[in-house]
Amino acid sequence: MSAVEKDIQTALAVRLKAFQTAGSPPIAYENEDYEPVIGTLYLEETFMPNTKDPVGISHTSSDDYEGMYQITVRSAKGGRRFDAQEQARLLALHFPRGAEYTYNSTKVKIVTVEVNQGLMDNERYIVPVTVSWRVLA
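Using numbering that gives the first Met the number 0, the first residue of the sequence shown is number 0, and each one after it goes up by one.
Right under this line is the structure:
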């Protein structure tokens, strides 16, 4: 992963952290230990960079980075699906289209935000929220 991609992921993770109030809901960050508590709603981040494309033909031209930042709302199986759906709606508002977040001078622009259809996995009801982003660096 490039330094720019690390800065992009950090900028988005910092914004996600700002969504919490007094540590709630808990967040399972990529490659960090997290043990879900049975019956507790939590968020899970996934950073998905796409390939970068050069903006110009010069070796000093900027690169165009695009990708997705998925935040999966996971709630208890058999619980109220509305709690997960409401958290997903609030997350979408927290990452508004057109917003920009900066880390180490890397400016991440939010292109679109989608609250996807809820579904069941083996143990939880999940609602994925997909944040599409773009960076010129």
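Where is the CB? At the ideal position from N, CA and C, for every residue including glycine.
Between Ala10 and Val110, the C-beta spacing is not below 8 Å. Annotation for Ile7: the continuous alpha helix (DSSP H) segment containing it runs 2-16. Spanning the alpha carbons of Arg96 and Leu90 requires a straight line of approximately 12 Å. A distance below 7 Å between beta-carbons, with the five flanking residues on each side excluded, links Ser74 to the following residues of its chain, in chain order: Leu40, Asp82, Ala83, Arg123, Tyr124. Rounded to the nearest whole angstrom, the CA to CA distance from Val54 to Asp63 is 6 Å. Going by beta carbons, Val126 and Ala87 fall inside the 8 Å limit. Taking C-alpha positions only, Asn30 is separated from Met0 by approximately 14 Å.
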